[in-house]
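Here the structure is laid out as structure tokens; the discussion comes afterwards.
Residue numbers (the working numbering), protein chains in the order written: chain A, 2 to 276; chain B, 2 to 276.
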């Protein structure tokens, strides 16, 4: 939001300066607009909407739009109002992977009850070796991390001989807890897909707020398949990491969030719904 | 930081616009500088340096300066490097209440290993009735809060027939845990003081990160006495509240923070050191 304003002001400044001595010439329309929408929030900061404990309890009605989210980060993951599928944010585009397996670009006005994004700027890129499982891949990613009390964002572009993802079906009120929904989640298995994994590694001390450890979502290069990653094999790939010393939590302003019991250790429940 | 930039750009924009058609007139120097330094961060956001669990474990060496802190908020509390006293931030000034009871303005370069500040903008101001104890005062403050899952900042200007505060003495390495230090903390009792309480009410779900419930520090109107509030009586006062939907955590970039065990429930230890 701030960066948008800064870039907008810069554009205005250039236009104003350019306008000096040639007041009859109108400023080029559109230039500032394009600059404005290229913004994706401050660097080195995890931007999070709501908390995992709220989502676990069925707070599926958000008040932050995808448009707002795109101004805070260009890479990340989450879900949509009414738990209507898995969110994948890549290169500034928000994708919605519905429970029927279809993938759509999300509308700017669509809201999210839980999302985590970052204005991704890789600190390091490494070629990844093949991995026979998600656990093996995660052990490679462990090598990118030196500090157990920092946040890390990951982007892995590669070719996957095998992938298993899930999505979640749209819910209606009264909303059931997330563990009830994921107990019947649709899962998808794919062979030989090229695509991108995006996500985060979060420290254990945010266990009430986000998912400790790795949390990755997938989208294919052709944007036809994706979802919350459950298992994978990697043939080869490029791994990028961004270490994030700052964590910004945006609470929800609605009654559901205000009424939820958000304290207490729900890490077992988190593990159940994520794995 | 962003707001500073925005205001700086706005000033530059005005200067540039004013310069049109009168290029011989130099811009007024200092105007943008003054505007720039009046910034105190975004509104409605708790800005926090490090976590309470890190402080409990003796992570007393910070890497955020008071100058940086002042650019994020103008009201708040915390401590200083080496646990050298209690911090009170009021009207943009950072005050240091040392263990000998003396109060000094903190230098911009002095660093903090734990602090919580806000760019305070009152949502509501109420006249407070007399209170025979801190518990009674807190029951009045409860009336300002409608949402148990939001953050709140408070400012209470009043006359206090009785006040009990504490400070903490500067530590040297190897740093002992905070509970060891506060076990021998110097406390101060005062009668009939006019001054200001500043602080926060935090929701239970940030128990690993900050102090759940109320956390208040005091400074007198003459800036001669202050500290971490342990007990008080209020004769009369004005209470201001600012509801804060956003929470921004800045981790420390040093080895001590990286090595600390920051997960786990230390709420009993927190209560012990705060009360």
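The beta-carbon is built from N, C-alpha and C at its ideal position, and this holds for glycine as well.
This one's a predicted model, so the numbers in the text were calculated from it and none came from an experiment.
{"Query": "Below 9 Å on C-beta distance, what does residue 259 of chain B contact in chain A?", "Result": "147, 148, 149, 150 and 151"}
{"Query": "Whose C-beta lies closer than 6 Å to the C-beta of residue 54 of chain B among residues of the same chain, with five residues either side of it excluded?", "Result": "209, 263 and 267"}
{"Query": "May I have the straight-line CA-CA distance separating residue 194 of chain B from residue 218 of chain B, to the nearest angstrom?", "Result": "14 Å"}
{"Query": "Should residue 77 of chain A go down as buried or exposed, given a rule of 16 or more other Cβ atoms within 10 Å for buried?", "Result": "buried"}
{"Query": "Only counting the same chain, and skipping five residues up and downstream in sequence, which positions put a Cβ closer than 8 Å to that of residue 57 of chain A?", "Result": "178, 179, 180, 267, 270, 271 and 274"}
{"Query": "Is there contact here, the segment 236-248 of chain A with the segment 103-118 of chain A, by at least three beta-carbon pairs under 8 Å?", "Result": "no"}
{"Query": "Hey, out of A:258, A:41, A:95 and A:226, whose CA is closest to residue 164 of chain A's CA?", "Result": "A:226"}
{"Query": "What ranges does the alpha helix (DSSP H) occupy inside the segment 70-94 of chain A, keeping only unbroken runs of at least 4 residues that lie completely in it?", "Result": "none"}
{"Query": "Do residue 112 of chain B and residue 169 of chain B have their C-beta atoms closer together than 8 Å?", "Result": "no"}
{"Query": "Can you give the Cα-Cα distance for residue 110 of chain A and residue 41 of chain A, rounded to whole angstroms?", "Result": "17 Å"}
{"Query": "Just to confirm my understanding: we take residue 68 of chain A, look at its own chain, exclude 5 residues before and 5 after, and list those with CB closer than 8 Å. What are they?", "Result": "109 and 110"}
{"Query": "Hey, is residue 121 of chain B's beta-carbon within less than 8 Å of any beta-carbon in chain A?", "Result": "no"}
{"Query": "Looking only at its own chain, which residues have a Cβ that is under 7 Å from the Cβ of residue 84 of chain A, when we skip the five neighbours before and after it?", "Result": "61, 169, 171, 172 and 182"}
{"Query": "Between residue 41 of chain A and chain B, is there a C-beta pair that is closer than 8 Å?", "Result": "no"}
{"Query": "Thinking residue 88 of chain B and residue 94 of chain B are a contact (beta carbons under 8 Å), I'd like their distance in whole angstroms, please.", "Result": "That pair is no contact at about 11 Å."}
{"Query": "Would you mind giving the Cβ-Cβ distance between residue 124 of chain A and residue 243 of chain A, rounded to the nearest angstrom? I have them listed as a contact below 8 Å.", "Result": "6 Å"}
{"Query": "Terminal residues of the continuous beta strand (DSSP E) containing residue 239 of chain B?", "Result": "237-245"}
{"Query": "Just list the beta strand (DSSP E) runs in the segment 114-157 of chain A, keeping only unbroken ones of 3 residues or longer that don't cross its boundaries, in chain order.", "Result": "116-119 and 125-129"}
{"Query": "Can you give the beta carbon distance from residue 197 of chain A to residue 166 of chain A, rounded, assuming they're within the 8 Å contact cut?", "Result": "At roughly 13 Å, the Cβ-Cβ gap does not stay under 8 Å, so residue 197 of chain A and residue 166 of chain A are not in contact."}
{"Query": "What residues in the segment 235-255 of chain A have a beta carbon less than 7 Å from any beta carbon of chain B?", "Result": "246, 247, 248, 249, 250, 251, 252 and 254"}
{"Query": "Any C-beta of chain A sitting closer than 8 Å to the C-beta of residue 210 of chain B?", "Result": "yes"}
{"Query": "Straight-line CA distance for residue 276 of chain A to residue 246 of chain B?", "Result": "30 Å"}
{"Query": "For the candidate residues A:162, A:131 and A:45, whose alpha-carbon lies nearest to that of residue 221 of chain A?", "Result": "A:162"}
{"Query": "Against residue 204 of chain A, what residues of chain B qualify as contacts under a CB-to-CB distance less than 8 Å, listed in chain order?", "Result": "263 and 264"}
{"Query": "I need the boundaries of the alpha helix (DSSP H) containing residue 196 of chain A, first residue and last residue.", "Result": "Taken as a continuous stretch (DSSP letters only), residue 196 of chain A belongs to no alpha helix (DSSP H), being part of the beta strand (DSSP E) at 188-203."}
{"Query": "Would you kindly work out how many angstroms separate the C-alpha atoms of residue 155 of chain A and residue 141 of chain A, rounded to a whole number?", "Result": "12 Å"}
{"Query": "Along the chain, where does the alpha helix (DSSP H) containing residue 176 of chain B start, and where does it finish?", "Result": "First-last for residue 176 of chain B: undefined, no H or E at that position."}
{"Query": "For residue 223 of chain A, tell me which candidate among A:99, A:75 and A:104 has the shortest Cα-Cα distance.", "Result": "A:104"}
{"Query": "Counting only Cβ pairs nearer than 9 Å, list the residues of chain A close to residue 52 of chain B.", "Result": "150 and 206"}
{"Query": "For residue 133 of chain B, which option in B:234, B:250, B:255 and B:260 has the closest C-alpha, if you only look at C-alpha atoms?", "Result": "B:234"}
{"Query": "Taking the alpha-carbon of residue 1 of chain B as reference, which of B:261, B:254, B:206 and B:44 has the nearest alpha-carbon?", "Result": "Since the first residue shown for chain B is 2 and the last is 276, residue 1 of chain B is missing from the structure and cannot be characterised."}
{"Query": "Reducing DSSP to helix, strand and coil, say where residue 253 of chain A ends up.", "Result": "coil"}
{"Query": "Within a Cβ cutoff of 8 Å, which residues of the same chain sit near residue 151 of chain A, ignoring the five residues on either side of it in sequence?", "Result": "204, 244, 245 and 246"}
{"Query": "Are the C-beta of residue 275 of chain B and some C-beta of chain A separated by less than 8 Å?", "Result": "no"}
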